[in-house]
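The structure appears right after this line, and notes come after that.
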Amino acid sequence: MNIAIVGTGYVGLVTGTCFAEVGNHVTCVDVDTAKIDRLRRGEIPIYEPGLEELAHRNMGYGRLKFTTNLADVIDDVDVVFSAVGTPPDDDGSADLRYVMDVARQFGRLIKRYTILVTKSTVPVGTAYKVKAAIYEELAARGVEVPFDVASNPEFLKEGAAIKDFMSPDRVVVGTDSDRARTVMEHLYKPFMIQNMRVIFMDIPSAEMTKYAANAMLATRISFMNDIANLCEAVGADVDKVRQGIGSDPRIGQKFLYAGCGYGGSCFPKDVKALAHTAVEHGLRLEVIEAVERVNARQKHVVYQKLARYLGDVKGKTVAILGLSFKPETDDMRESPALVVVEKLLAQGAVVRVFDPVAMDECRRRLGDKVTYCHDLYDCADGADAVALMTEWRQFRMPNWNVIRKAMRGNVVVDGRNIWSRDELQSLGFTYTRIGQR
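With this note's numbering applied, the sequence shown covers -11 to 425.
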């Protein structure tokens, strides 16, 4: 099958590369000429384990190509996926300008039956706007061309996106057309040969499913962070509480880990957009609004612990381990680490940073405001305190004797609860974590 993917961001690149891997001919389209030139040279602009190897292989086979112009390929493709960004507006709503640009371009170009599939995360009702824009463009051309619109929200986890796409736990497709359903079923069959896990539904329900899924996961995180803060106040241990409630099969263990808040490109944006959609329809999602407030507060917890143990942080040196919002990605969007670093800098602290893959992204965001280090031991050198913000594997079992000798002070703030209190205290550290007194 011939496919076009409009948008070469995280979702677009992963989607296009994985479709090419199973034998489709995919052209990724983006208006950013510099990015397309880089991609043609084999330079992958995002970090995602396995993506670069997969992209290079399919480019070599001629199944994955890149262009700046949808018109170059529209006559040959059966399906166009819209994977452009939907950044939040100031009021929290999703900015649909790029989604609508794709719809209008699609309407201006199609000459035969083609399906436009929205892969971007969009509010309920967007498909109707997309379809109306296409009809307007066709009317302006004075032609009638058959087409269908479908919704196919992505559920990719950064750091595990290739696995998620190649072996999905489910694929959600919203469509009101039997013809489009048949095409989408055929497109996803190679990923589900033994167990067809495509869930077909109406388009509004598909659009809502993406937001509801992310909001539920964000709710679990904020709930546990609220419980963690109460555990600290009453002398309970949030890790023990997590084990106790997670053993209930109705609750389960996933997304019950307390920490310093969630970030990334999805949860913060989608929680805001879902709450805004409710307001537009005369409703208030009070639980979801609370989830957002709790998370915003939780991002300051590590700084508050640093200030509690260091006193005035002015002139103090703090080592920040981990900058990305989660392991296995260089994505720093809405990262809790940014909140802590910026607060420390504002209060006159000296900040040293290290992250296995996000150093270039940090330089782009913070410039020379912080000191960039070669590894975690270099980062701890001369530090009054060390704060863990991202639970990369290489941070799990450091040589604490080396760190203790390198540090000027002895404060360790564990924002992800991965280290042992007994071990660190036995070595002379003042250790604090989330959800323990």
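C-beta atoms are modelled at their ideal positions from N, C-alpha and C, and glycine is treated no differently.
Predicted model only: the values in this text are computed from it and were never measured.
Unbroken stretches of the beta strand (DSSP E), 3 residues or longer, contained in the segment 143 to 214: 159 to 162 and 186 to 189
Identify which residue in D20, N12 and D227 has its Cα closest to the Cα of Y49. For this step, residue 49 is matched to residue 61 along the sequence shown. Y49 has its Cα closest to that of N12, out of D20, N12 and D227.
The alpha helix (DSSP H) that contains I122, what's its start and end? Locating residue 122 in the sequence shown gives position 134, counting from the first residue. T114 to R129 is the extent of the alpha helix (DSSP H) around I122.
Quick check: R19 and I(-7), are their CB atoms within less than 8 Å of each other? On the sequence shown, residue 19 is found 31 positions in, with the first residue counted as 1. On the sequence shown, residue -7 is found 5 positions in, with the first residue counted as 1. Per the sequence shown, residue 19 should be read as Val rather than Arg. No, the pair does not count as a contact, with Cβ atoms beyond the cut-off.
Status (buried if at least 16 other CB within 10 Å, exposed otherwise) for T265: Mapped onto the sequence shown, residue 265 falls at position 277. The residue is buried, with at least 16 neighbouring Cβ atoms inside 10 Å.
Looking at C-alpha atoms only, which residue of L311, Q413, L52 and N213 is the closest neighbour of E349? Within the sequence shown, numbered from 1, the residue matching residue 349 stands at position 361. The alpha carbon of E349 has as its nearest neighbour, out of L311, Q413, L52 and N213, the alpha carbon of L311.
Taking the C-alpha atoms as reference points, what is the distance between D157 and H174? Taking the first residue of the sequence shown as position 1, residue 157 is located at position 169. Taking the first residue of the sequence shown as position 1, residue 174 is located at position 186. So the alpha carbons of these two residues sit roughly 17 Å apart.
Residue environment, Q424, which counts as buried when at least 16 other CB atoms sit within 10 Å: Along the sequence shown, one-based indexing puts residue 424 at 436. So Q424 counts as buried.
Does the segment 359 to 367 come within contact of the segment 337 to 345, defined as at least 3 CB pairs closer than 8 Å? yes
When the Cβ atoms of the segment 103 to 119 are set against those of the segment 186 to 196, are three or more pairs found closer than 8 Å? yes
Tell me which residues share the same chain as A168 and place their Cβ nearer than 7 Å to its Cβ, disregarding the 5 neighbours each side in the sequence. Translated into the one-based positions of the sequence shown, residue 168 becomes position 180. Short of 7 Å from the beta carbon of A168, and not among the five residues preceding or following it, lie these beta carbons of its own chain, in chain order: I103, D136 and A138.
Quick one: which unbroken beta strand (DSSP E) runs of 3-plus residues sit fully inside the segment 76 to 113? Chain order, please. Listed in chain order, the complete beta strand (DSSP E) runs (minimum 3 residues) inside the segment 76 to 113 are 102 to 106.
So for A307, helix, strand or coil by DSSP? As a position in the sequence shown, residue 307 is number 319, starting the count at 1. Correct three-state label for A307: strand.
Quick one: measure Cβ to Cβ for T378 and V399, integer angstroms, because I've assumed they're closer than 8 Å. By 1-based counting over the sequence shown, the position of residue 378 is 390. By 1-based counting over the sequence shown, the position of residue 399 is 411. Incorrect: roughly 19 Å between the Cβ atoms, too far for contact.
Just reading off the beta strand (DSSP E) that R421 is part of, what are its end residues? Position 433 of the sequence shown, counted from the start, is the residue given in the question as residue 421. Run containing R421: T418 to R421, per the beta strand (DSSP E) assignment.
Buried/exposed call for R421, threshold 16 Cβ in 10 Å: Within the sequence shown, numbered from 1, the residue matching residue 421 stands at position 433. Buried, because 16 or more other Cβ atoms sit within 10 Å of the Cβ of R421.
Cβ of D372 within 8 Å of Cβ of K302? The sequence position of residue 372 within the sequence shown is 384, counting from 1. The sequence position of residue 302 within the sequence shown is 314, counting from 1. No, the Cβ-Cβ distance between D372 and K302 is not below 8 Å.
By the 10 Å Cβ neighbour count, where 16 or more other Cβ atoms means buried, how is K99 classified, buried or exposed? As a working mapping, residue 99 is identified with position 111 in the sequence shown. Looking at its Cβ environment, which holds fewer than 16 other Cβ atoms inside 10 Å, K99 is exposed.
Other residues of its chain near A22: CB distance less than 8 Å, five sequence neighbours each side excluded: Taking the first residue of the sequence shown as position 1, residue 22 is located at position 34. Cβ within range, chain order: n/a, list empty.
In angstroms with no decimal places, state the Cα-to-Cα distance between G162 and F179. Position 174 of the sequence shown, counted from the first residue, corresponds to residue 162. Position 191 of the sequence shown, counted from the first residue, corresponds to residue 179. Going from the Cα of G162 to the Cα of F179 covers about 18 Å.
Limits of the unbroken alpha helix (DSSP H) element including R340: Against the sequence shown, residue 340 aligns to sequence position 352. No alpha helix (DSSP H) holds R340; the beta strand (DSSP E) holding it covers V338 to F342.
Taking contact to mean at least 3 C-beta pairs separated by less than 8 Å, is the segment 38 to 49 in contact with the segment 70 to 86? no
Mind listing, in chain order, the continuous alpha helix (DSSP H) runs of no fewer than 4 residues lying wholly within the segment 352 to 383? 364 to 368
Assign F243 to one of three DSSP states: helix, strand, or coil. Taking the first residue of the sequence shown as position 1, residue 243 is located at position 255. In this structure, F243 counts as coil in the three-state DSSP scheme.
Relative to the C-alpha of V14, which residue among G232, V328, M88 and I(-9) is closest? Position 26 of the sequence shown, counting from 1, holds the residue named residue 14. Nearest of G232, V328, M88 and I(-9) to V14, Cα basis: I(-9).
Identity of the residues DSSP links to T15 by a beta bridge: In the sequence shown, counting from the first residue as 1, residue 15 sits at position 27. DSSP, once it has assigned bridges, lists A(-8) and K53 as partnering T15.
What are the start and end residues of the beta strand (DSSP E) that includes D136? For this step, residue 136 is matched to residue 148 along the sequence shown. D136 -> beta strand (DSSP E) spans F135 to S139.
Bridge partners - F69, DSSP secondary structure assignment: By 1-based counting over the sequence shown, the position of residue 69 is 81. Looking at the DSSP assignment, F69 forms a beta bridge with I(-7) and V105.
Just to confirm, are L244 and G234 a CB contact at a threshold of 8 Å? By 1-based counting over the sequence shown, the position of residue 244 is 256. By 1-based counting over the sequence shown, the position of residue 234 is 246. A contact, by the Cβ cut-off of 8 Å.
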